[in-house]
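Numbering (the working numbering), first residue to last: 53 to 352. By construction, the Cβ of each residue, glycine as well, lies at the ideal position given by its N, Cα and C atoms.
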Amino acid sequence: MVLTPFSKWGISPSLKSGICYNTIACQLCIRGYGGEQSLPQGMRRGENSYIMRLAAGGKTVSLENGSGALGPVKRYDTLADRAYDQLREALMTGSFHPGQKLTIRKIAAVLGVSATPARDAISRLLSEKVLETDANRNVFAPRLDGEKLGHLYMLRLALEGPAAELGARNLDEASVRELERIQLSLIAAMDRQDYQRVLIENEKFHFGIYGRSGNPMLVEAIEQLWLKLGPTMNFLYPSYNHSRKGVSHHLAIIDALRSGVPSQVRAAIESDLRDGEAELRSALASVAEPTPKTRRRPAA
Numbered sequence: 053m054v055l056t057p058f059s060k061w062g063i064s065p066s067l068k069s070g071i072c073y074n075t076i077a078c079q080l081c082i083r084g085y086g087g088e089q090s091l092p093q094g095m096r097r098g099e100n101s102y103i104m105r106l107a108a109g110g111k112t113v114s115l116e117n118g119s120g121a122l123g124p125v126k127r128y129d130t131l132a133d134r135a136y137d138q139l140r141e142a143l144m145t146g147s148f149h150p151g152q153k154l155t156i157r158k159i160a161a162v163l164g165v166s167a168t169p170a171r172d173a174i175s176r177l178l179s180e181k182v183l184e185t186d187a188n189r190n191v192f193a194p195r196l197d198g199e200k201l202g203h204l205y206m207l208r209l210a211l212e213g214p215a216a217e218l219g220a221r222n223l224d225e226a227s228v229r230e231l232e233r234i235q236l237s238l239i240a241a242m243d244r245q246d247y248q249r250v251l252i253e254n255e256k257f258h259f260g261i262y263g264r265s266g267n268p269m270l271v272e273a274i275e276q277l278w279l280k281l282g283p284t285m286n287f288l289y290p291s292y293n294h295s296r297k298g299v300s301h302h303l304a305i306i307d308a309l310r311s312g313v314p315s316q317v318r319a320a321i322e323s324d325l326r327d328g329e330a331e332l333r334s335a336l337a338s339v340a341e342p343t344p345k346t347r348r349r350p351a352a
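This is the structure in structure tokens:
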């Protein structure tokens with residue numbers, strides 16, 4: 053993700069809010085805030101841009117989306133906050149694998165910052181119990197076993213179903229068309245086996261609905277679950293690509309949105325989650341199976 057400043061709009065730093073995934077025309081829906089604010093006159097939304105809201109004055113900055121969720125940080129904003137936001141986004145979209153070791157040096161190098169902002173970002177995520185640590189104080193991306201996965205999906209169903217139902221009440225036809233565009237990008241990424249992009253587009257799709265719920269606390273709670281789940285989502289592919297079940301579920305969600313019945317949107321989201329959990333359980337089981345040892349034949 054490459055951060056692109058729009059200094060001509062008089063943007064000031066101190067980023068505090070989340071990413072808006074539902075940028076329609078010249079309106080932006082602030083994820084976690086449930087409100088809308090017009091872009092400055094003449095400012096055009098990029099075709100593949102994220103729009104973020106800055107705490108200072110509620111002004112906006114576009115984040116041009118690259119091939120991954122983690123990229124160099126431009127030095128026009130508070131680096132500690134920006135590093136934290138980007139590290140969160142990378143975790144939510146599977147940029148790290150379960151149990152992958154995260155060092156301050158590595159995170160600092162990827163983000164293009166010094167050790168201090170990288171250390172602060174890692175420390176904040178440790179305090180939130182997102183990242184894991186061992187007795188030697190090594191830090192790792194979150195790992196899920198079958199039991200933890202069950203606990204997490206119980207919460208996902210409890211939170212994301214209502215968030216989808218609430219969001220459906222606030223999504224207009226233009227918003228649904230934007231979700232369709234995101235879904236087309238997701239399918240294109242599947243076709244070229246770019247699974248990192250698939251996970252990014254999947255997050256944009258879901259939060260494009262949840263972000264319109266009007267309940268910032270609900271959205272924040274869902275984000276915390278995605279932070280812990282993101283690395284494990286890598287286990288879905290390539291097998292989940294072959295069945296295309298996720299694609300079918302997203303199309304059903306779009307159809308439900310067009311029906312104008314919020315309860316149907318909730319049901320479609322919950323069906324998507326249940327199938328996703330089943331696929332992940334199967335994937336985790338296959339990963340946990342020991343590789344059979346081959347016996348060497350004695351030399352003749």
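For residue i: DSSP bridge partner residues
i    : result
T185 : V191
K373 : What the structure shows of the chain is the stretch from 53 to 352, and residue 373 is not part of that stretch, so it cannot be assessed.
K27  : Any question about residue 27 goes unanswered here, given that the chain covers just 53 to 352.
Cβ-based burial, residue i [other Cβ within 10 Å; buried from 16]
i    : result
P194 : buried
S311 : exposed
K153 : exposed
L236 : exposed
P283 : buried
G202 : exposed
H294 : exposed
V317 : buried
D137 : buried
A160 : buried
K280 : buried
R249 : buried
V377 : Examination of residue 377 is not possible in this model, given that the chain is present from 53 through 352 alone.
A241 : buried
Start and end residues, alpha helix (DSSP H) containing residue i
i    : result
K297 : 297 to 311
H203 : 198 to 220
E230 : 225 to 243
S179 : 167 to 179
D246 : No alpha helix (DSSP H) contains D246, which DSSP labels as neither H nor E.
R134 : 131 to 144
P268 : 268 to 281
Short Cβ contact (8 angstroms threshold) for residue i with residue j
i    : j    : result
T145 : E255 : yes
A142 : D172 : no
Y289 : Y247 : yes
L178 : V191 : yes
I261 : A319 : no
L218 : G263 : no
L238 : E253 : yes
S291 : A335 : yes
A135 : A170 : yes
L196 : P150 : yes
V339 : F287 : yes
R333 : G198 : yes
M285 : L309 : no
I306 : E232 : yes
Query raised in the report: Does the stretch 179 to 186 come close enough to the stretch 227 to 237 to have 3 or more Cβ pairs within less than 8 angstroms?
Result: no
**Report entry** Any 3 or more C-beta pairs closer than 8 angstroms across the stretch 286 to 298 and the stretch 201 to 213
**Finding:** no
Query raised in the report: Do the stretch 313 to 326 and the stretch 271 to 282 meet, that is, are 3 or more Cβ pairs less than 8 angstroms apart?
Result: no
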